[in-house]
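Encoded as structure tokens, the structure appears first; notes follow it.
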Amino acid sequence: MKYFFPIFFIFIFIYAIIKKVRPYDEFVAGAKGAVPFCMNLFPYLLAIFVLTELFSASGLTAVMTKFLSPAFSFFGIPEEINELVLIKPFSGSGSLAVLTGIFKKYGVDSYVARCASAVYGSSETVFYVSSVYFARARTKNLFLPILISLVSSFLSCVTACMICKIM
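Here the sequence shown is numbered in the numbering used here, starting from 18 and rising by one per residue.
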């Protein structure tokens, strides 16, 4: 497996030479095209990162977790992973930290840890992905796609917990 990428790059380089394409020039042209995209993407990513930090640092996460706990329990989501369900749409690294805390507190083989792992793996960082996609697509109406993504993410959490309960 450690030779896969070197062999892959050598294959691409040889293929480019056979097709009479100058790989270095094409790489530089692609990199030049990526700079404007990164400049357009940066404000969206900055907004997501700042909002994620504010969400966590303000204590809003704890308030929302307590407020939504009865609804999550109704849908079969264990109370111990409510914070993970709330953080995951905003931050992959933040949700990974919460997942690690769950592992340390409950052990990796517990029902709570299995649910947390399934939730972490079955849901998406909706706001991060949306910011990348909508920065490129330049779509103005964001409410409906984000709402659908959040509902889908929540349903994946519910389904993951149901499957963990069965298994």
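Just so you know, even glycine gets a beta-carbon here, dropped at the ideal spot from N, CA and C. This one's a predicted model, so the numbers in the text were calculated from it and none came from an experiment.
In the three-state scheme derived from DSSP, where H, G and I count as helix and E and B as strand, Ser-112 is classed as helix. Distance between Lys-37 and Pro-23, taken at the CA atoms: about 21 Å.
In this structure, Cys-132 sits near Ile-98, with a CB-CB distance shorter than 7 Å. At the C-beta level, Phe-160 and Phe-107 stay beyond 7 Å of one another.
Your pair Arg-153 and Phe-54 checks out as a contact, with CB atoms roughly 7 Å apart and the cut at 8 Å. Taking 7 Å as the cut-off, the Cβ atoms of Ala-130 and Phe-120 count as close.
Proximity to Tyr-137 across Lys-49, Phe-84, Ala-51 and Ile-94 peaks at Ile-94, based on C-alpha coordinates. For Val-115, the number of other beta carbons within 10 angstroms of its own is at least 16, and it is reported as buried.
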